[in-house]
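K.L.:
Encoded as structure tokens, here's the structure I'll be asking about.
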Amino acid sequence: MHSTLMFILIVLPFLAAIACAVVPVKQVRSAVVVVTGALLVVASLLLIGKVPFETSFTSMAGLPLASMTQLADFLLLGFVLFLGWKHKHLGIKILAGAQLVILFALEAFMMDHHAASMAFVADPLSLTLVLIISIVGSIICIHAIPYMDNHEHHLHLTISRQPRFFAWLVVLLGTMNALVLTNDLLAFYFFFELTTLCSYMLIGHDGTEEATNNSVRALYLGSMGGLALLLGAVFFQNMLGSLEIQEIIKLAPSAGYAMLPMALLCVAAFVKSAQAPFQSWLLGAMVAPTPTSALLHSSTMVKAGVYLVLRMAPGFVDTTLSTYVALFGAFTFLATALLAVSQSNAKRILAYSTVSNLGLIIACAGINTPAATAAALFLIIFHAVSKALLFLCVGTIEQRIESRDIEDMHGLFVRMPVTASLAVIGVLTMILPPFGMLMGKWMAIESAAANVPVIMMLALGSAITLLYWARWAGLLMSHPLQGGVTPEVQPKLTKYPLVALCGGAVLLSLLSPWIYSALIVPMIDMVNLANPQAMFEAPYVTSKGMLGADSGVFPVAPLFLVLIVGMFLGLRVLKNAQGAREASIYLAGAQSRTAQTPDSFVGPVNQPVKVANANYYLTRLLPEGKVTCWVNTAAVLLALLLVVGGL
Amino acid sequence: MPIPTKQVTKETLVAEVLQLKNAGWRIVTATCVDLNENEFDLIYHFDKDLQMEHLRLTVPKGAPVPSISGVYLAAFLVENEIQDQFGLCFDGLALNFANHLYLDDEVATTPFCKFGVVRKTAAAE
Amino acid sequence: MAQTILPFGPQHPVLPEPIHLKLTVEDEIVVDALPALGYVHRGLEKLCDIRDYNQMVQIVERVCGICSKIHAMCYCQGIEEMMGVEVPDRAKFLRVIWSELHRVHSHLLWLGLFADAFGFEALFYQFWKIREKVMDINEATTGNRVIVSVNQVGGVRRDLSAEQLRWIDAELKVVEAQVRALRATTLDDYTVKKRTKGIGVLSSAQAMELGAAGPTLRGSGVAQDMRQLKYAAFDRLDFQPISYPDGDSWSRCAVRYDETLQSIDLVRQAMARLPEGELSVKVKGKPEGEVVTRVEQPRGELLYYLKGNGTNNLDRCRIRTPTFANIPPLVVMLPGLELADVPVVVLSIDPCISCTER
Amino acid sequence: MQAILDFIKSSRIKSPWLMHFDCGSCNGCDIETLACLTPVYDVERFGIVNVGNPKHADILIVSGTVNHRNKKVLANLYEQMPHPKVVVAIGACGLSGGVFREAPNVVGGIDKVIPVDAYVPGCPPKPEAIIDGVVLGLQKFAEKSLA
Amino acid sequence: MRLGPMVPTVVKNLISKKSTRPYPFVVREPFPDQRGELYCDIEQCIFCGTCARKCPSQCITVDKEQGLWICDPFACVYCGTCEEVCPTHCLHHKGAWRPVAGERQMIEMKGTPPKKKKKDAAKDAAAE
Amino acid sequence: MMSILGFLLALVVGVFVAPILGGLITGLDRRITARIQSRLGPPILQPFYDVAKLLGKEKLLNNSWQAFCAYVYLVAAATSVVLFFMQSDLLLIFFVQAVGAVFLVIGAMSVPSPYSQIGAQRELIQVLTYEPLLVLVLAGIYVHTGTFKISGIYALEEPMLLKLPLLFLVLGYALTIKLRKSPFDISASAHAHQEIVRGVYTEFSGPYLAILEIAHFYEVILILGLVSLFWSTSFVGMLVLVALTYLAEILVDNVSSRMTWRWMVTSAWAVGLTLTLINLLSLTM
Ligand code: NFV
Ligand code: SF4
Ligand code: SF4
Ligand code: SF4
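First to last, the protein sequences are chains A, B, C, D, E and F.
Take the first sequence: its letter number 40 is residue 39 in numbering that gives the first Met the number 0, and every next letter is one higher.
Take the second sequence: its letter number 31 is residue 30 in numbering that gives the first Met the number 0, and every next letter is one higher.
Take the third sequence: its letter number 56 is residue 55 in numbering that gives the first Met the number 0, and every next letter is one higher.
Take the fourth sequence: its letter number 58 is residue 57 in numbering that gives the first Met the number 0, and every next letter is one higher.
Take the fifth sequence: its letter number 35 is residue 34 in numbering that gives the first Met the number 0, and every next letter is one higher.
Take the sixth sequence: its letter number 190 is residue 189 in numbering that gives the first Met the number 0, and every next letter is one higher.
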């Protein structure tokens with residue numbers, strides 16, 4: 000059973016990818032994607048009942064796994080080297096070359112290859128990620144089917160490049176699943192590199208100059224992360240004589256200098272999670288078709304980074320490293336939130352917000368208490384769902400209005416009522432109680448309250464987050480409803496994923512106390528198991544749908560009750576309000592009296608002037624370029640501190 | 000008894016005004032007087048240290064007058080006012096309200112003209 | 000960058016009068032401001048065709064309710080000059096008394112409105128409370144609080160008794176003390192200074208070039224005041240124009256604040272030196288000729304161009320009011336300001352639209 | 000329920016929010032209107048607040064002569080006020096055009112554009128008279144049902 | 000720069016008598032010679048029409064034939080010109096202002112045209 | 000956990016008594032403000048008259064979402080007050096209250112009127128300014144009491160004010176912004192005239208404005224409740240502290256001009272964060 004599940008979760012996507020790539024028929028491809036997605040969902044759900052477990056395979060589908068991976072690893076690096084040569088990118092060439100050498104040294108001189116098997120560990124943490132990757136990831140892939148048609152239609156492509164696209168899309172799912180399940184740091188390294196390659200392929204998909212440049216940047220930065228990871232592995236192998244992740248966590252606290260490789264791993268994670276100063280690759284990823292960005296941002300890729308930190312966190316409880324990680328995460332949270340304020344490009348807002356939220360997760364990992372860990376997990380789950388929803392909404396909107404500037408989305412509700420409403424709900428689930436994101440933030444703040452610098456950054460950051468989200472939600476509705484709303488028709492494969500994600504975001508929030516007892520409590524127990532020094536207790540007790548502790552309570556179910564009552568009331572009012580007299584907007588009495596010029600006032604020279612509304616981007620206060628510069632400098636210093644602190 | 004003025008012509012107006020400006024005079028305002036069926040008087044008032052200087056320009060109705068708003072930006076307001084009220088047209092107005100400084104479309108006449116009603120003409124763009 | 004375009008006026012709570020500005024702002028920074036006028040335009044100058052030159056006194060007085068007395072005085076001086084009438088001395092002094100009282104009430108009114116523009120409600124109320132005393136003086140001595148109608152061609156229509164003079168003196172003492180008590184708040188309070196210092200700067204060169212008038216001009220360091228022309232009884236009163244060099248809203252406020260006290264002082268001087276004599280002379284004949292007269296209004300230099308043609312009706316009556324002159328500087332000052340500063344700067348020129356448009 | 004409705008009804012005259020619009024007045028009337036709000040007359044005693052926004056106002060106080068440009072503004076503002084509403088015209092200008100009746104750009108009094116409920120004569124009327132006008136307006140306000 | 004120099008003033012306001020006049024519960028005596036409501040003592044009027052000619056607002060109509068003195072109180076600006084020029088001093092301003100009205104009004108006074116003697120003049124009818 | 004009776008009591012007090020109290024306090028505020036300005040001022044019950052009148056006015060809307068948002072604002076405000084009386088988690092109460100703020104903003108933004116939109120943007124900036132300060136004050140309370148629950152504060156032996164004086168100042172700063180009192184009446188001024196007319200409230204009228212007013216009554220209570228926590232040991236102490244704080248707010252309101260939001264953000268963060276830092280460090284050291 001285990002092996003079947005593992006096969007579906009990891010190997011099936013690769014096979015599906017091959018199918019996508021070679022079968023040129025669109026319907027077949029779509030079917031493959033849908034079926035793979037469905038299987039992934041089922042498999043991941045079935046996995047729930049099975050955790051925790053450990054398996055190891057010497058071979059899969061008759062092939063020797065470990066040596067295959069080794070081989071693939073070298074091939075991969077070689078390919079990266081080739082790409083570096085192809086794009087004439089010195090950095091990539093050096094990084095790939097260095098990795099080749101180090102990997103070779105590691106494999107040839109430092110390891111004994113008796114245990115040629117590959118170990119997988121499925122614990123609540125990896126289960127959570129598998130669920131996110133498989134479910135949210137599949138939904139995104141399905142949404143991509145109509146999206147890509149539109150996309151290519153728009154680009155007037157003669158030969159569809161979709162086979163390639165969908166192949167890489169599903170490969171990414173399989174890779175991510177493998178990455179979160181493996182217990183072998185070297186295998187982890189391989190999958191880590193493979194996600195980098197996927198991102199390179201997906202970002203560069205459109206083949207424009209910008210896309211190519213950005214994909215190369217992603218490859219370059221990704222290789223940096225790879226190098227850091229590999230160096231960490233070398234250190235661990237050297238110090239602890241093992242590359243098994245669970246072993247490392249157990250042994251590291253007692254080993255001198257083990258914090259240095261831990262720090263290197265963290266740096267690798269920061270790169271993958273696009274933390275400052277490495278955020279540029281994620282922003283660059285925006286040129287890709289929206290499913291790519293959605294996949295990279297919400298459920299895969301970037302989650303690999305935070306997963307790594309969270310996975311390793313028990314290994315550095317109560318160390319200076321942990322403090323610095325918390326500081327670094329909090330800083331990124333604040334800094335990138337600030338950067339998001341100055342953006343009007345929807346995808347860039349989403350990108351900065353992703354970075355910012357991942358920063359918050361990393362901060363939680365750094366705070367490294369059970370409550371913070373719980374917060375981190377909640378944030379991972381709910382961020383994935385809400386963010387995927389928002390990305391898909393933006394993608395849908397973008398294809399319709401041909402702009403991703405939120406200033407062009409004023410009054411979108413009138414044109415796209417369904418998508419706009421879903422987007423508004425998506426935004427609200429990001430920032431308001433009783434939804435999961437906010438609960439995660441609430442836990443994070445409560446667990447960081449005693450850490451002065453961190454809490455200050457969190458407090459500022461969360462306020463700024465509210466600013467850039469709320470105004471977006473607001474402007475979507477900003478239109479007089481005089482003319483009535485034009486109903487929106489969407490393809491089923493567009494609509495269902497959106498509705499599913501939206502429903503998921505709300506429903507999961509309601510279920511959060513149960514998620515807590517089902518996933519997070521066992522996870523904390525696992526931590527105790529892994530690290531006997533820790534002796535953590537579950538931070539909250541759940542009763543009557545409330546999460547409670549000595550330090551605070553979060554009455555999820557009661558709040559949902561209020562929410563439902565409030566919604567009911569609100570909707571009734573909304574219905575009642577249909578009878579209200581329609582008034583023109585206040586324009587200092589100068590509104591134009593003719594129907595041809597709505598929302599206009601009579602300006603100088605008796606000419607009608609259409610009013611315009613715009614958000615504040617504080618660009619004079621926070622010019623993106625300058626702020627990025629400072630942020631990066633500060634982040635580099637912090638990261639250096641982190642590595643040095645690891646000594 | 001008329002006020003002491005210096006007579007100028009359309010051609011010399013701008014140069015004279017420029018000269019005054021360079022000599023440090025401040026523009027106070029301009030006045031338009033409807034003289035008779037054919038002519039307007041345009042009187043420009045300047046001040047320097049409480050002394051006044053007036054330029055008088057007599058123009059036939061219907062002919063455009065060079066604007067001095069290029070020299071003194073401040074003159075745009077009074078020139079627009081004269082356009083509204085007397086239907087005179089100014090050439091090169093810095094900010095042209097096209098007969099709509101004070102008046103709305105309902106007013107199709109030049110209300111301040113005594114001698115005959117001059118139809119409003121679209122102001123020079 | 001994303002821009003917000005909004006109509007500022009004609010009806011707007013911070014604007015006591017209808018003026019319209021089409022504002023374009025980015026993050027609340029004004030990038031463009033275009034004015035529109037005409038909401039108060041009546042065309043009253045044209046009434047000289049159907050009202051005789053005596054009736055016109057009442058009409059020009061209603062150009063504006065805040066500076067009404069001085070309009071009438073300027074007009075009467077013009078007609079008197081045209082007709083060669085010499086006004087009795089007592090009338091000249093009385094004209095000064097009432098016109099300076101008018102300035103006091105206008106400035107107090109403005110100080111209040113200015114405070115309101117930056118949201119200092121208590122200060123607004125305080126100034127208006129003080130102002131009520133001046134309004135009482137107006138009402139008691141002329142019969143109306145606002146439109147006093149004391150001027151006529153050839154002199155004044157009302158007299159002040161000795162008792163009234165004493166009462167005015169006493170009342171003005173109170174007013175002066177109360178105004179002085181607000182000096183620190185108006186000119187030295189941290190929050191007020193933050194909102195006015197360095198906001199809406201007009202250099203003296205700009206002010207001259209754009210033809211600014213009155214406190215707007217004097218706030219930019221140009222000490223020019225039409226009272227230096229020594230009309231009415233100003234030749235027999237001590238008077239020095241007040242100016243401040245910075246050219247910002249604060250300076251303009253300081254000029255007006257000081258002028259309030261100065262005007263109170265001028266009223267006292269005039270009352271002390273008030274000669275006995277007739278109130279007016281009989282005027283015979285009909286106005287003929289051209290004249291230009293200027294007086295100092297609370298808002299600055301007022302110019303009347305009058306042309307008589309030997310009948311009871313004037314040929315042309317042209318009024319150039321100080322706000323008319325101050326609109327171009329205003330338009331120049333606005334770009335670059337914050338939206339919140341717009342009312343402050345608009346108010347800082349003390350705009351009087353009914354004067355501007357007549 | 001009835002008690003609540005009664006309370007609402009009786010509150011109506013206790014909380015008249017007013018908006019003042021200067022419709023081409025010479026300021027004489029405006030400053031007297033403003034003076035009503037200041038400490039010496041303090042109409043907030045009666046719950047009157049100058050809201051400066053038609054959407055919040057119950058009473059529209061208008062002063063001044065109507066001309067072609069501001070009559071549209073006046074109509075706009077009146078339209079944006081929620082029912083029930085009353086209009087108080089003040090000053091000779093607002094009542095009939097006053098001395099400016101025959102000036103070229105004057106259309107006439109306020110009632111040429113919108114219905115007027117109370118007329119306050121004077122040039123300008125004293126603040127006390129304006130208060131009287133508002134009181135008269137309030138009587139009509141109480142009578143008006145929610146149209 | 001000072002912080003809160005307004006504090007003494009407001010504290011003084013708080014503890015001293017408020018300046019609000021209790022109008023309409025107490026009505027202030029008008030100042031003497033105030034220009035309130037215009038009033039015509041029609042008995043004295045000789046219908047010479049001077050007031051109508053001199054009125055800057057042109058709001059008086061005098062009909063000598065019928066002995067009518069008509070004034071539009073809504074157009075009158077209470078300037079006092081008519082009062083000044085009336086040869087018989089039959090016009091005055093009352094101290095109090097003219098009461099507010101709910102609808103348009105005209106003051107129409109019927110007197111006796113000067114040709115006839117005044118003795119049999121009917122009581123003047125004030126139209127209000 | 001709380002008994003059913005306590006729960007019901009909190010519900011009733013929170014839902015019904017709080018707004019009445021809030022209205023009275025607002026009325027008192029207007030009266031005192033008037034006296035400070037040498038005026039008589041409106042009757043104490045004036046806020047209720049206003050609300051009642053508004054409820055009886057015509058419904059006038061530009062976008063029906065306004066109505067929806069107004070009600071959500073009300074529900075959120077009421078919920079936060081009820082949670083407060085249930086002595087729940089302060090941070091949570093504060094987040095629930097933020098729901099109201101967000102919906103107010105969304106409601107104001109749902110109308111394409113520039114004044115209401117600018118008001119909404121400014122409201123967001125106000126939220127941006129006070130939210131971190133409040134969170135930090137709550138963090139300070141946590142550091143001092145070891146919990147975010149209000150019940151934890153009532154368990155204290157001595158008033159919090161003695162240990163958290165600077166944070167109390169920060170709270171005052173934040174509350175002035177939240178109450179929209181001068182110098183921070185930036186997004187919408189209570190009655191004073193403002194360049195953005197009535198900001199967020201511009202486009203709400205009649206019954207919908209009444210809803211917002213009632214929500215505001217709730218917020219006043221919440222805010223004063225928060226203040227009272229700083230002298231949790233005696234009832235008289237609470238009252239005195241609340242009264243003094245509110246008087247101080249009125250006084251500040253009347254002796255300062257309205258500042259710009261740029262100044263607000265920078266000054267509030269600079270002053271607030273410095274004070275917080277000092278106080279937090281002194282607590283944790
Ligand atoms: N002072 C003055 Fe006037 C005049 N003349 C002007 O702008 O106020 Ni109404
Ligand atoms: S009635 Fe008199 S005071 Fe009022 S606006 Fe007209 S002229 Fe001015
Ligand atoms: S001026 Fe006097 S007497 Fe002559 S008509 Fe008029 S009111 Fe009568
Ligand atoms: S008071 Fe003035 S306006 Fe009124 S009737 Fe007499 S002259 Fe005419």
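Built from N, CA and C at the ideal position, the CB exists for glycine as well.
Note that the structure is a prediction, hence the values are computed from the model and not measured.
Taking 8 Å as the threshold (beta carbon to beta carbon), is C/Gln151 in contact with chain D?
P.N.:
Numbered from 1 along the third sequence, position 152 holds the residue referred to as residue 151 of chain C. Chain D contact via Cβ: absent.
K.L.:
According to DSSP, is E/Phe46 helix, strand or coil?
P.N.:
The sequence position of residue 46 of chain E within the fifth sequence is 47, counting from 1. Here E/Phe46 sits in coil by DSSP.
K.L.:
Looking only at its chain, what residues have a beta carbon closer than 8 Å to the beta carbon of A/Ser341, apart from the 5 residues adjacent to it on each side?
P.N.:
For the purposes of this step, residue 341 of chain A is identified with residue 342 of the first sequence, where counting begins at 1. Tyr616, Leu617, Thr618, Leu621, Pro622, Glu623, Val626.
K.L.:
Counting only beta-carbon atoms, is C/Leu5 nearer than 8 Å to chain A?
P.N.:
Mapped onto the third sequence, residue 5 of chain C falls at position 6. Closer than 8 Å: yes.
K.L.:
So which residues of chain D does A/Gln590 contact, with C-beta pairs closer than 7 Å?
P.N.:
Residue numbering aside, residue 590 of chain A sits at position 591 when the first sequence is read from its first letter. Residues of chain D passing the Cβ test: Asn75.
K.L.:
Roughly how many whole angstroms lie between the Cα atoms of E/Lys122 and C/Ser148?
P.N.:
Against the fifth sequence, residue 122 of chain E aligns to sequence position 123. Against the third sequence, residue 148 of chain C aligns to sequence position 149. Note that E/Lys122 scores 47 on pLDDT, short of 50, meaning its location in the model is unreliable; the coordinates nonetheless yield the value given after this. If I take the Cα positions, the gap works out to 34 Å.
K.L.:
Please list, in chain order, the chain A residues whose beta carbon lies closer than 7 Å to that of F/Pro131.
P.N.:
Position 132 of the sixth sequence, counting from 1, holds the residue named residue 131 of chain F. Those within 7 Å of F/Pro131 in chain A are Ala458, Leu459, Ala462.
K.L.:
Taking C-beta to C-beta, are B/Val13 and B/Pro65 nearer than 8 Å?
P.N.:
One-based indexing of the second sequence puts residue 13 of chain B at position 14. One-based indexing of the second sequence puts residue 65 of chain B at position 66. Yes, the pair counts as a contact, with Cβ atoms nearer than the cut-off.
K.L.:
With a threshold of 8 Å between beta carbons, is A/Glu445 in contact with chain F?
P.N.:
Position 446 of the first sequence holds residue 445 of chain A. So, interface residue.
K.L.:
Indicate, with yes or no, if ligand 2 has a heavy atom lying under 7 Å from the CB of D/Ala102.
P.N.:
If you number the fourth sequence from 1, residue 102 of chain D lands on position 103. Checking the Cβ of D/Ala102 against ligand 2 gives no.
K.L.:
Considering only residues of the same chain and omitting the five flanking positions on each side of A/Leu701, which have a CB-CB separation below 8 Å?
P.N.:
Here chain A covers residues 0 to 646 and nothing more, so residue 701 of chain A does not appear.
K.L.:
Return the residues of the segment 42–63 of chain F that lie within a Cβ-Cβ distance of less than 7 Å from chain A, sorted by chain order.
P.N.:
So the close ones are Glu57, Lys58, Leu59, Leu60, Asn61, Asn62, Ser63.
K.L.:
Go ahead and pull the three-state DSSP assignment for A/Phe190.
P.N.:
Counted from its first residue, the first sequence places residue 190 of chain A at position 191. A/Phe190 falls in the helix class under three-state DSSP.
K.L.:
May I ask you to verify whether the segment 190–205 of chain A touches the segment 75–83 of chain A, counting CB pairs closer than 8 Å and requiring at least 3?
P.N.:
Result yes; three or more Cβ-Cβ pairs closer than 8 Å.
K.L.:
Go ahead and label E/Pro23 buried or exposed: buried means 16 or more other beta carbons lie within 10 angstroms of its beta carbon, across all protein chains shown.
P.N.:
Walking along the fifth sequence from the start, residue 23 of chain E turns up at place 24. Exposed, because fewer than 16 other Cβ atoms sit within 10 Å of the Cβ of E/Pro23.
K.L.:
Looking only at its chain, what residues have a beta carbon closer than 8 Å to the beta carbon of A/Pro288, apart from the 5 residues adjacent to it on each side?
P.N.:
Numbered from 1 along the first sequence, position 289 holds the residue referred to as residue 288 of chain A. The answer, listed in chain order, is Ala143, Tyr146, Met147, His150, Phe164, His204, Asp205, Gly394.
K.L.:
Within the segment 1–88 of chain E, note down every full alpha helix (DSSP H) run reaching 4 residues or more, in order along the chain.
P.N.:
As far as the segment 1–88 of chain E is concerned, its whole alpha helix (DSSP H) runs of at least 4 residues are 6–14, 49–53, 80–84.
K.L.:
When you compare each of C/His40, C/Ile65, C/Leu209, C/Gly77 to C/Val56 by their alpha carbons, which one comes out closest?
P.N.:
Position 57 of the third sequence, counted from the start, is the residue given in the question as residue 56 of chain C. Per the Cα distances, C/Gly77.
K.L.:
So is the beta-carbon of A/Val610 under 7 Å away from any non-hydrogen atom of ligand 5?
P.N.:
Inclusion of ligand 5 in the displayed structure is not the case, the ligand content consisting of ligand 1, ligand 2, ligand 3 and ligand 4 alone.
K.L.:
State buried or exposed for D/Ala91, treating a residue as buried only when at least 16 other CB atoms are found within 10 Å of its CB.
P.N.:
Start at 1 with the first residue of the fourth sequence, and residue 91 of chain D comes out as number 92. Buried.
K.L.:
For E/Pro72, is the beta carbon positioned less than 7 Å from some heavy atom of ligand 2?
P.N.:
The sequence position of residue 72 of chain E within the fifth sequence is 73, counting from 1. Answer for E/Pro72: no, Cβ out of range of ligand 2.
K.L.:
Could you tell me whether the Cβ of C/Glu175 comes closer than 8 Å to any Cβ of chain E?
P.N.:
Along the third sequence, read from residue 1 onward, the residue named residue 175 of chain C stands at position 176. It does not: the Cβ of C/Glu175 has no partner Cβ on chain E nearer than 8 Å.
K.L.:
Would DSSP call C/Glu60 helix, strand or coil?
P.N.:
As a first step, residue 60 of chain C is located in the third sequence; it is residue number 61 there, counting from the start. C/Glu60 falls in the helix class under three-state DSSP.
K.L.:
Can you grab the Cα-Cα spacing for the pair E/Ala124 / F/Ser255, in whole Å?
P.N.:
Your numbering for residue 124 of chain E matches position 125 in the fifth sequence. Your numbering for residue 255 of chain F matches position 256 in the sixth sequence. Summary for E/Ala124: the model assigns pLDDT 45, below 50, so the residue's position carries little reliability; its value from the coordinates is reported in the next sentence. Their backbone Cα atoms lie some 59 Å apart in a straight line.
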